[in-house]
Amino acid sequence: TMDYLDDAVPSEAPVPPQVPLEDLTGPHVTEIKHHLARTFDLRSFRKNQYEAISAAMEGRDVFVLMPTGGGKSLCFQLPAVCQGGQTKGVTVVVSPLMALMTDQVDGLKAKRIDAVYLNSDTSGEELRHIQDCLYSSHSKPSLLYVTPERLKLSGTLKNVLGHLYRSGQLARFVIDEAHCISTWGQDFREAYQELHTLRDDYPEVPIMALTATADRKTIDDILVRLKLRDPAVFEQSFNRTNLFYSVVPKRSVEEMVSFIKSTHPNKTGIIYRNGRDSCEKLAQQLRQKGLNAKHFHGKMGKEEKKEVLNEWKSGKCHIIVATIAFGMGIDKAEVRFVIHFDLPKSMDGYYQETGRAGRDEKPADCILYYSFRDLQTILKLIRNDKDGTSTPASIERQDQAAWAVIRYCENESVCRRTQVLQHFGEKFDKKDCHARCNNCVNASSMVTGDFTEEAKQVLELVQSLQRGQENVTVDHCRNVFKGANIAAVRDKGHDRHPSFGAGKDIPREVLELLFNKLLYLDALIEQSVQTNAKWHTQYVKLGSKAKDFLAGRQTLQLSYRPKTPKPGGKAKAKSSRKPARAPPSKDAEQQLEPARALYADDDDIEWS
Ligand code: ADP
Ligand code: MG
Ligand code: ZN
367 TMDYLDDAVP SEAPVPPQVP LEDLTGPHVT EIKHHLARTF DLRSFRKNQY EAISAAMEGR
427 DVFVLMPTGG GKSLCFQLPA VCQGGQTKGV TVVVSPLMAL MTDQVDGLKA KRIDAVYLNS
487 DTSGEELRHI QDCLYSSHSK PSLLYVTPER LKLSGTLKNV LGHLYRSGQL ARFVIDEAHC
547 ISTWGQDFRE AYQELHTLRD DYPEVPIMAL TATADRKTID DILVRLKLRD PAVFEQSFNR
607 TNLFYSVVPK RSVEEMVSFI KSTHPNKTGI IYRNGRDSCE KLAQQLRQKG LNAKHFHGKM
667 GKEEKKEVLN EWKSGKCHII VATIAFGMGI DKAEVRFVIH FDLPKSMDGY YQETGRAGRD
727 EKPADCILYY SFRDLQTILK LIRNDKDGTS TPASIERQDQ AAWAVIRYCE NESVCRRTQV
787 LQHFGEKFDK KDCHARCNNC VNASSMVTGD FTEEAKQVLE LVQSLQRGQE NVTVDHCRNV
847 FKGANIAAVR DKGHDRHPSF GAGKDIPREV LELLFNKLLY LDALIEQSVQ TNAKWHTQYV
907 KLGSKAKDFL AGRQTLQLSY RPKTPKPGGK AKAKSSRKPA RAPPSKDAEQ QLEPARALYA
967 DDDDIEWS
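For the sequence shown, UniProt numbering begins at 367 and goes up steadily by one.
Here's what the structure looks like:
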């Protein structure tokens, strides 16, 4: 079952174009190049960095849209240390997260740049010291980081800014993660709304807004709300050329472990899960299997989080198993893999999370272990309205976002990059993927088979059980259809059902595809029934589209990749019109067994 995983081995990633320094021109090019090399210890600019920096130095409003890891910070940090240009003095950076701020300020201090931050952690004494510096004529910091809440609420801070403004010492406002201002986005922050006052209160001060969240609506919203004046806008493709995207069926922890061990031994990675408990459990399982892993989630204490983060950053711990609490502002360049072991909640989130891989621009793997089942968990999470902020509209929006992820996973024919980027309104030609996604790699070996007849048989089985008032799960149904000789089937007498074993020749993974597709198409639905005080069980029933199949008005095609026979094995690839119908060899079935047994939700099955 590892064949498709081997495809995820990074091939040579195309090298992103770099702008040769000697070709750059502009009024401030000398000073900019000087700081790039001397202060930031970098050799070249990435796409749009120089242009954004130049525009800022000319005193213009700037909007920068760059993918996560693209290098947005340099766009405002470098102008902040320059003396020339139209703007002098302190650069005020609005940043949404404390972790993000402390990270950046520490990084700047290590480069001997004078930077300070103000957040709810700042003590009174520190605050007074920072104030003194800001009022003094000689030792002003180059960058002042603040949270939007602080900016909104602190009178002291407003006084300081007013003083700086009047003395011409307010160089620029920088709004990092600017999408937080937009109610369209998922990261909307109340206090970001107030930032529209910056333009009114400090009309002469240029504003730079930066974000990695790209859809058109959000961008326009940002430009309007911040009242940017004729901004220099820098946008770029969201394609991350060095990332390899794949979606593979979720079967077992073992499969993932052997993938990591064989492809990324002793390398740094992130594994995302949706629940805190599952993070802790998985991290422990990984440790038992010899991987250097720790968990991270929102309910951990501040100190504990910091410790885990530091161990990971220093390389003492290789793998973090985390909820999405582990995210924004995590800046570690050499992350070789980002794995989603549970279904991501949205394509937006998926893109952001996978974006944490390969920031050093070397090849990295983004693997999503897909199980249609995970959708149920997500839909439940969406409805589990802990802070009482859900509205029917917000639930609907989140549902749609989750379904978009399902469509992405189910779509095995369109280049994964094309699909991901389409989500951001970007048209992407699959030839530019250079076969660095598993759909492009598999394109040659995928086969499409017609399963209309089998679909009808499955629906007839469900129909007959439904008529007999029998409540069964999808798994049970699949077992009956496959002809599994197991107690659960025998106990209900379903081994004598006319449809028992009707699909015995279809390989298990194709059967799974078939059932998922029927659920996906609303030919089957799952109904949640309370079976006792604590438990709900999902029973399978006919859905609204079932009649189309039963009446023969609807066909069903499945695209899948037939198992390649192992060298020396007995199995022969049949080049028949419908390759999937060839009965699987005993070998192939046995290879599936160990993995299956470990997959948490499944019964133990012996095949008849
Ligand atoms: P973003 O805010 O866009 O997600 P960052 O500003 O945090 O990205 O930068 C991501 C990484 O890229 C950092 O490790 C940073 O040091 C590195 N980086 C940024 N610009 C350059 C450059 N011109 N050359 C090399 N590395 C760079
Ligand atoms: Mg950033
Ligand atoms: Zn592709």
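Note that beta-carbon positions come from the ideal geometry of N, C-alpha and C, so glycine has one too. This structure is a prediction, so every number in the text was calculated from the model and none was measured.
Rounded to the nearest angstrom, what separates K936 and I872 at their Cα positions? In this prediction, K936 has a pLDDT of 38, which is less than 50 and means its spatial position is unreliable; what the coordinates show is noted afterwards. Cα atoms of K936 and I872: separation of roughly 18 Å, rounded to the nearest angstrom.
Ordered along the chain, which non-local residues of its own chain (more than five positions away) have a Cβ less than 7 Å from that of D765? Hits under 7 Å: L745, I748.
Hey, out of K627, V895, L880, whose CA is closest to A889's CA? With distances taken between Cα atoms, A889 lies closest to L880.
Starting from G815, follow the beta strand (DSSP E) in both directions and report where the run begins and ends. It spans 813-816 - the beta strand (DSSP E) in which G815 sits, taken as one unbroken run.
Within this structure, are the beta carbons of L509 and Q415 separated by less than 8 Å? Contact flag unset, no.
Under three-state DSSP, which class holds R773? Residue state, collapsed to three classes: helix.
Cβ-Cβ separation, F703 to H630 (assumed contact under 8 Å), whole Å: Taking C-beta atoms under 8 Å as the contact rule, H630 and F703 qualify, at a distance of about 5 Å.
On the criterion of 16 or more Cβ atoms from any shown chain inside 10 Å, does N805 qualify as buried, or is it exposed? Flag for N805 reads buried.
Three-state secondary structure (DSSP) of H661: Reduced to three states, the DSSP call for H661 is strand.
To which residues of the same chain is H902 closer than 6 Å at the C-beta, ignoring the five residues directly before and after it? For H902, where only same-chain residues beyond five positions count, the Cβ hits under 6 Å are S894, Q896.
Rank R783, I541, I496 by C-alpha distance to the C-alpha of T522 and give the top, closest one. Measuring C-alpha to C-alpha distances from T522 to each of R783, I541, I496 identifies I496 as the nearest.
From this set, L530, G534, L576, M423, which residue's C-alpha is nearest C546's C-alpha? Of L530, G534, L576, M423, the residue nearest in Cα terms is L576.
What residues come near the ligand ZN, if near means a beta carbon less than 7 Å from any of its heavy atoms? With 7 Å as the limit, the residues whose C-beta approaches any heavy atom of the ligand ZN more closely are C781, R782, R783, T784, K796, C799, A801, R802, C803, N805, C806, in sequence along the chain.
Can you list, in chain order, the residues of its chain whose CB lies under 8 Å from that of K672, leaving out five sequence neighbours each side? Result list for K672: empty, nothing under 8 Å.
Closer than 8 Å is the cut-off here; do at least three beta carbon pairs connect the region 581-596 with the region 615-633? They do not touch, by the three-pair rule.
Please identify the residue among E397, G435, T818, H860 whose C-alpha is closest to the C-alpha of N605. Checked all of E397, G435, T818, H860; the closest Cα to N605 is G435.
Who are the near neighbours of H394 in its chain, counting only those whose CB is closer than 6 Å to its CB and skipping five residues on each side? The beta carbon of H394 is closer than 6 Å to those of M423, G450, G451 in its chain, skipping five residues each way along the sequence.
8 Å Cβ cutoff met for Y926 and V840: Using a Cβ distance threshold of 8 Å, Y926 and V840 do not count as a contacting pair.
Among L609, T743, Q742, I690, which residue has its Cα nearest to the Cα of E719? The closest CA to that of E719, considering only L609, T743, Q742, I690, is found on I690.
From R555 to A578, what distance separates their C-alpha atoms? If I take the Cα positions, the gap works out to 16 Å.
What does Q893 pair with, by DSSP beta-bridge criteria? The partner list for Q893 (beta bridge, DSSP) reads Y905.
With a floor of 4 residues, list each alpha helix (DSSP H) that falls wholly inside the UniProt domain "Helicase C-terminal" (618-769), ordered by position along the chain. Every alpha helix (DSSP H) stretch that sits fully inside the UniProt domain "Helicase C-terminal" (618-769) and reaches 4 residues is listed by chain position as 619-629, 642-654, 668-680, 713-720, 740-749.
Using a Cβ-based criterion (distance less than 7 Å to any ligand heavy atom), does S410 qualify as near the ligand MG? For the ligand MG, not one heavy atom lies less than 7 Å from the Cβ of S410.
Taking only heavy atoms of the ligand ADP into account, decide whether any of them is closer than 7 Å to the Cβ of A415. In the sequence as displayed, the identity of residue 415 is Gln instead of Ala. With a cut-off of 7 Å, the C-beta of Q415 is classified as near the ligand ADP, since at least one heavy atom of the ligand falls inside that distance.
L827 beta carbon near the ligand ADP (any heavy atom closer than 7 Å): Checking every heavy atom of the ligand ADP against the Cβ of L827, none is found closer than 7 Å.
I696 vs L741 beta-carbon contact at 8 Å: In this structure, I696 sits away from L741, with a CB-CB distance that is not shorter than 8 Å.
For a test of your reading of the model: does the CB of A476 fall under 7 Å from any non-hydrogen atom of the ligand ADP? Yes or no. Every heavy atom of the ligand ADP is 7 Å or more from the Cβ of A476, so no.
Considering only heavy atoms of the ligand ADP, does any lie closer than 7 Å to the CB of K438? Closer than 7 Å to some heavy atom of the ligand ADP: that describes the Cβ of K438.
Using only the alpha-carbon positions, how far apart do P386 and F429 sit? Between the alpha carbons of P386 and F429 lies a gap of roughly 23 Å.
Where does T577 fall in DSSP's three states? Collapsing the DSSP output to three states places T577 in a strand.
Distance, Cα to Cα, E826 vs L916? Cα to Cα, E826 sits roughly 7 Å from L916.
V599 and I637 - do their beta-carbons sit closer together than 8 Å? No. Outside cutoff.
Only counting the same chain, and skipping five residues up and downstream in sequence, which positions put a Cβ closer than 7 Å to that of S505? Same-chain partners within the cutoff: C499.
Using C-beta distances below 6 Å, list every residue in its chain close to G425, excluding the 5 sequence neighbours before and after it, in chain order. Closer than 6 Å at Cβ, skipping near neighbours: Q452, T453, P572.
Count the other C-beta atoms from every protein chain shown that fall within 10 angstroms of the C-beta of V906, then say buried if there are 16 or more, exposed otherwise. In the assembly as shown, V906 is a buried residue. Its beta-carbon has 16 or more other beta-carbons within 10 Å.
Hey, N640 and T743 are a contact pair by Cβ (cut 8 Å); roughly how many whole angstroms apart? N640 to T743, Cβ: 6 Å. Contact.
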